[in-house]
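Student:
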Amino acid sequence: MNTIVNYDGSIKTHPRMVVQPASAAEIQAILRDKSHHPSPVRAKGSYHSLTPCVSSDGTIIDMARMNRVVDISPERMTFTAQAGLQFVDAQKALRAKGLQFITNIEIGNLTLGSAACCHTKDALDGAEFGQVSSYVTGIKWITPDGQLGEASETENPELLRLMRSSYGLCGIVYEVTFRIKPLEAIHFSYLPRLIDELTQEEVDRIIDSSEGLTCWTVGRTAHFQMRRHADRPSLIGPVCAAIRRKFWSGIEAKAARFIEQRVPTTPLKNLARNRWFAGNRLIYSALHLAGGFSFSNPDKTIDYRSTSASGKYVFTFWAFPRRQWLETLRAYFDFAERHFKKYGFRCNMPLGSYYIRKDTGSLLSYTFDQDMFSIDPVHARTDEADWEQFLKEFNEFAYHRIGVPLLNQSPFVEQRHVAAAYGIRWQEFSARVREIDPDGRLSNPFFDALLSRAEVPA
Ligand SMILES: Cc1cc2nc3c(=O)[nH]c(=O)nc-3n(C[C@H](O)[C@H](O)[C@H](O)COP(=O)(O)OP(=O)(O)OC[C@H]3O[C@@H](n4cnc5c(N)ncnc54)[C@H](O)[C@@H]3O)c2cc1C
1 MNTIVNYDGS IKTHPRMVVQ PASAAEIQAI LRDKSHHPSP VRAKGSYHSL TPCVSSDGTI
61 IDMARMNRVV DISPERMTFT AQAGLQFVDA QKALRAKGLQ FITNIEIGNL TLGSAACCHT
121 KDALDGAEFG QVSSYVTGIK WITPDGQLGE ASETENPELL RLMRSSYGLC GIVYEVTFRI
181 KPLEAIHFSY LPRLIDELTQ EEVDRIIDSS EGLTCWTVGR TAHFQMRRHA DRPSLIGPVC
241 AAIRRKFWSG IEAKAARFIE QRVPTTPLKN LARNRWFAGN RLIYSALHLA GGFSFSNPDK
301 TIDYRSTSAS GKYVFTFWAF PRRQWLETLR AYFDFAERHF KKYGFRCNMP LGSYYIRKDT
361 GSLLSYTFDQ DMFSIDPVHA RTDEADWEQF LKEFNEFAYH RIGVPLLNQS PFVEQRHVAA
421 AYGIRWQEFS ARVREIDPDG RLSNPFFDAL LSRAEVPA
C-alpha cells in the first residue's frame, strides 16, 4: 500500500497509484488513462500543506522530477521553470545571475506549481502584493482530459486569474513564469508594544510607515517586525539572518516541545514556558535597541528539508480586515484563555500576524476587497487531539469575526467558512471548476465537501 504524508505527518493518504512524471506528455498520458490512473488525480508538491488538499485514494502525481529551470531572462525580468522546483532552489539559480523573486517567501520548500495556483502569504516582501501568485505572469498546465492549457498576463488574463487560485482542480500545472527583479538588500527593524496599551491609531501608523510588516506576539507583547529597502547587508546582517532561519527551522519548536514533554508538573512547565517566552521577548527587544539588521533579501527564505521531527511546528491562518485586527487580537487572547481554562491546552509558540495588502490578482485572493492582517496560532504539536480541538474552536472564533481562511493553511476549514469568506467568488469558482472538470477527474473528497453547488446569480 502507498502511503503519503504531509510535512509534519498529521495528514496521511493511501493512493492506489503514485507517479513521478518527467514531462508534460507523461502527465497527459496519466490523465487520459483512467483505468491505470484512477480518479481523483491530485498533484503533489512537497506537501507542506496543513489540509488534505493533496490527498487522494486514486492517483497522486508527485512533481519532484519536474524541477528544471527553463529560462532566466534579465531582459524581460522573468524566470520560467518546471512546477516541481522548490523556491529555495529557484532562488539559488536566480542569485547566481544577480536576480531574485519579488516575493522571497519564507517557506523555501513551496514548489513553484503550488506557488502558482494556491494561497500563499508573505508580509515582509509585501510592499505591493503579499501573495506569490500575483507575480506569476504565465502558467502552462494539462487539463483534466489531457489537453495542453496555457494563460498569461497578455494571453487570456481572466483564465490566469482563475488558475492562480485553482489548487490543481482545473489542471496539473507543469511550467510557471514569474516576474523577477535585481538582487537587493533589505533591513528588518523591530518594535515591541504591549497589547493592552496599543491603540488602533498606533497600529495604523505602524502599518502606514512599513513597506512590509509582520507581528509576533509573545505573551501580551506584540513585536512588530518591519522591512524596508537597504543599500547593502550590514556587517552582522548575514549572521542574524542565519540565526533567524535556525530558530524557525528547529530551535523554536524544539524548545517548545522539550518544555511540554520533558519538564515535569504543570507549574514547572508554566514556569519554563514563561522563561522561554521572556527570552524570546529579550531577543526582539535587543534587536529593537540595536536598530535591526540588513541582509540579502533571499536570505529570509527558510529551508525546512533537514528539520527533524522534534523541530517541526504547525499553524493555522485566518485573515481579518485591517481595521478589525487589534480588537480581534484582544478577543483572541480572551478566547485562548477560556480554552486553556476549559481544556488545559494553549499554543506553545509565538502568535504570528501577517499584513497583506489588497490584491485582486486571483479569483480567490483573500485580500480581494481590502487590506488584511492575520492571526496565526503556531504550535509544536505533542498531542494531536488537543491541537485538533483547538483548531476547530479557533475556526468558530474566526468565522464569527468575518475571518478569511486559506484552503491549504487553515486546517478543518468547512464549506460554510469559505462560502462566508469568499461570498459570490466562491460560487463563481465552484461553477468554473464544474465547467472545466465536469467528471470530477481532479477533485478529491476535501474539495468535494467545500465546493458550492449553488448557481451563480446572473
Ligand atoms: C513549516 C511551514 C512553514 C510554512 N510557511 C509558509 C509561509 O511562510 N507562507 C505561506 O504562504 N505558506 C507557508 N506554509 C504553507 C505552505 O507554503 C503551503 O501549504 C503550500 O501550498 C505548500 O506548497 P507545496 O509545494 O508543499 O504544495 P502541496 O502541499 O504539495 O500542494 C498544495 C496544493 O497545490 C496543489 N498542487 C501542487 N502542485 C501542483 C501542480 N503542479 N499543479 C496543480 N496543482 C498543484 C496540490 O494538489 C494541493 O492542492 C508553510 C508550511 C509549513 C509546514
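Numbering (the numbering used here), first residue to last: 1 to 458. Virtual Cβ for every residue (Gly too), placed ideally from N, Cα, C.
I'd like to confirm the pairing. Which residues does DSSP put opposite residue 9 in its beta bridges?
Tutor: According to DSSP, which records beta bridges pairwise, residue 9 is partnered with nothing at all.
Student: So does residue 504 have its beta carbon nearer than 6 angstroms to some heavy atom of ligand 1?
Tutor: The requested residue 504 is not part of the displayed model; the chain covers only 1 to 458.
Student: List, from N- to C-terminal side, the alpha helix (DSSP H) runs of 4 residues or more that fit wholly inside the segment 243–291.
Tutor: Fully enclosed alpha helix (DSSP H) runs of 4 or longer: 252–262, 266–290.
Student: Pick from 305, 361, 22: whose alpha carbon is nearest that of residue 157?
Tutor: Out of 305, 361, 22, 361 has the C-alpha closest to the C-alpha of residue 157.
Student: Of all the options 77, 302, 86, 57, which has the alpha carbon lying nearest to the alpha carbon of residue 64?
Tutor: The shortest Cα separation from residue 64 among 77, 302, 86, 57 belongs to 86.
Student: Output needed for residue 413: all residues of its chain with C-beta closer than 6 angstroms, excluding positions within five of it in sequence on either side, in chain order.
Tutor: Excluding residues within five positions, the ones whose Cβ falls inside 6 angstroms are 405.
Student: Going along the chain, which unbroken runs of the alpha helix (DSSP H) with 4 or more residues stay wholly within the segment 320–382?
Tutor: DSSP runs (the alpha helix (DSSP H)) wholly in the segment 320–382: 325–343.
Student: For the beta strand (DSSP E) that residue 44 lies in, which residues bound it at each end?
Tutor: 41–44 is the extent of the beta strand (DSSP E) around residue 44.
Student: Distance check for residue 350 and residue 223, CA to CA, integer angstroms please.
Tutor: Computed Cα separation, rounded: 10 angstroms.
Student: Classify residue 152 as helix, strand or coil using the three-state DSSP reduction.
Tutor: Reduced to three states, the DSSP call for residue 152 is strand.
Student: From which residue to which residue does the beta strand (DSSP E) around residue 140 run?
Tutor: From DSSP, the beta strand (DSSP E) with residue 140 extends over 136–142.
Student: Under 7 angstroms, do residue 103 and residue 89 count as touching if we go by C-beta distance?
Tutor: No; because the gap between Cβ atoms is not below 7 angstroms, this pair is not in contact.
Student: Smallest Cα separation from residue 251: which of 445, 81, 380, 385?
Tutor: Considering only alpha carbons, the answer is 380.
Student: May I have the straight-line CA-CA distance separating residue 431 from residue 162, to the nearest angstrom?
Tutor: Looking at the two C-alpha atoms, the distance is approximately 11 angstroms.
Student: By a C-beta neighbour count over all protein chains shown, 10 Å radius and 16 as the cutoff for buried, is residue 140 buried or exposed?
Tutor: Buried.
Student: Here's the rule I'm using: 16 or more other beta-carbon atoms within 10 Å means buried, otherwise exposed. How should residue 106 be labelled?
Tutor: Its Cβ being crowded by 16 or more others within 10 Å, residue 106 is buried.
Student: If I'm right that residue 101 touches residue 27 with Cβ under 8 angstroms, what's the distance once you round it to whole angstroms?
Tutor: Their Cβ separation, rounded to whole angstroms, is 25 angstroms, which puts residue 101 and residue 27 out of contact at 8 angstroms.
Student: Using DSSP's beta-bridge definition, name the partner residues of residue 19.
Tutor: Residue 19 is bridged to 61.
Student: Where does residue 294 sit, in a helix, a strand or coil, going by DSSP?
Tutor: Residue state, collapsed to three classes: strand.
Student: For residue 35 and residue 93, what's the separation of their Cα atoms in angstroms?
Tutor: If you take the alpha carbons of residue 35 and residue 93, they lie about 39 angstroms apart.
Student: Is the separation between the beta-carbon of residue 15 and that of residue 2 shorter than 7 angstroms?
Tutor: Contact: yes.
Student: Does the segment 142–158 come within contact of the segment 68–83, defined as at least 3 CB pairs closer than 8 angstroms?
Tutor: Contact fails: fewer than three Cβ-Cβ distances are below 8 angstroms.
Student: Near residue 326, which residues of its chain fall below 7 angstroms by C-beta distance, leaving aside the five closest residues on each side in sequence?
Tutor: Contacts found: 198, 200, 203.
Student: Quick one: what's got a C-beta closer than 8 angstroms to residue 298's C-beta in the same chain, skipping five residues either side?
Tutor: Closer than 8 angstroms at the Cβ level, and outside the excluded window around residue 298, lie 91, 94, 95, 100, 101, 104, 183.
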